[in-house]
Each structure stands twice: as structure tokens, then as C-alpha cells.
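Since the structure comes first, as C-alpha cells, the remarks are kept for the end.
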Amino acid sequence: MLYLHTPGRVAVSQGVELVRSGAKSAAGLANAVLHKVADNVEDFATASDVDESERRLVRLSRLMGLPRWLCARIMASFDTPEGALGFAGNLAPAPLALHENAFATKPDPYLSQLVAPVFPGCHAPVDAQVTVASGVFERAAAVASDLNAQLIATAATRLVAALRLVPAVAPRPM
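Per this note's numbering, the sequence shown starts with residue 970, numbered consecutively.
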């Protein structure tokens, strides 16, 4: 709920089902606890339960999922407040990219409806919830990755292919 911005009712439902699959008798407790969390997630994120002098640090710690002491040390290492904000912004998850299965025998309906690939075989950014719901992973039509990883892999394979086209040069005698 806090990190993935999942709606409370969805997180509670999924959490209870997950607990029920492992221990049916614990489903009621999980339901109560998760509802309590869902009802208080906004107060937790804004650190409204903390003294005003500590609120900014605690809010950052909670939103980034890092211990308070670590956030304090990181924030103190920056010369300017702008640098500290840059740190916070860099902790956001990378946008989701999809890399098409090159061995697929037919076009996938979900991938076919996406905008043109960023580069051959790679679509980014894509909506994670819509992508998972589409079934593209179950059909093994694509894998999830971050865009930079796909760019590096594509560049490396093209470089290797290009080098194979260049004839080997014999070393000159000395």
C-alpha cells in the first residue's frame, strides 16, 4: 500500500487470500491487521504521529523503506537541500520495460496493441498492473526488465554481431 500505492481494499483482499492459502485459521487476524494498516497508511506516510522537529526525516525514512539513522546520515552528507531531494527522487523504482520473446511463434495480442517499441523488441514504459493482468508473462511472450538493462543487452549483442563481420587482422611481426 505504501510503496506500490496499491489500493487498500486490494491489498487487504490479496493479503487475506495469501494467508488463507497457508493457514486458514489466521485469515481473520490477517484481515483485521491489514484493515488497520489500510486505515492508517496515510498517517504513517505523513509521519503525523511524530514530533514536528523529526517529521521530515521520519517521513523520508518511512517512504523510502530505510532506517531513520541511515536517512539521517545520507541527508547530512549533502551540501544542499536540493541534493537531499535528489537522493529521495533516485530511490523511485525504475520504469517497467518489456522485452519480447524472440522465439515466440506468433505475435502476442497485448504486445501488438502497445506503441512502437523504444528499440527492437523492447517496450517502455508500460503500466505494471495492466501488463500483469494481460497475461503476457503467463504466455511467455515477454519478460520484465528495466529499460537500461535492455538497452545494454541489445547494444552488446549488436556489437558482438558487428565484430563478427569484421575480418580478424593478423598481428604484425616485430
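Idealized CB from N, CA, C, for every residue including glycine.
Under 8 Å between C-beta atoms of residue i and residue j
i     : j     : result
L1065 : V1095 : yes
V1010 : L973  : no
L1116 : A1093 : yes
G1090 : H1068 : yes
L1003 : V985  : yes
F962  : T1123 : It is not possible to answer for residue 962, since the shown part of the chain is limited to 970 through 1143.
L1080 : A1110 : yes
A999  : V1006 : no
Where residue i sits in the DSSP three-state scheme
i     : result
H1092 : strand
A1085 : coil
E1069 : strand
A1113 : strand
P1078 : helix
T1049 : coil
V1101 : helix
L1035 : coil
R1108 : coil
V1019 : coil
A1041 : helix
A1063 : coil
Whole-angstrom C-beta distance between residue j and residue i, which should lie under 8 Å
i     : j     : result
R1028 : T1015 : 6 Å
S1046 : R1037 : At roughly 15 Å, the Cβ-Cβ gap does not stay under 8 Å, so S1046 and R1037 are not in contact.
From the options, residue whose alpha carbon lies closest to that of residue i
i     : options                       : result
A1001 : V1084, R978 and F1072         : R978
P1078 : V1105, A1085, F1072 and G997  : V1105
M1044 : M1033, F1056, P1036 and L1035 : F1056
P976  : D1008, A1131, V1112 and F1047 : D1008
E1107 : N1070, I1121, A1118 and R1133 : N1070
A1113 : A1102, A1097, T1126 and I1121 : A1097
S1022 : T1074, A1041 and K993         : A1041
F1013 : S1103, L1032, P1076 and A1063 : L1032
Q1119 : T1074, A1130, T1049 and A1063 : A1063
Residue i CB to nearest heavy atom of the ligand ZN below 7 Å
i     : result
A1014 : For the structure depicted, the ligand ZN is absent and the ligand set is empty, with no information on it obtainable.
*Which ranges would you report for the alpha helix (DSSP H) in the stretch 970–1011 if only whole runs of at least 4 residues count?*
Counting only runs of 4+ residues, the alpha helix (DSSP H) found wholly inside the stretch 970–1011 occupies 977–991, in chain order.
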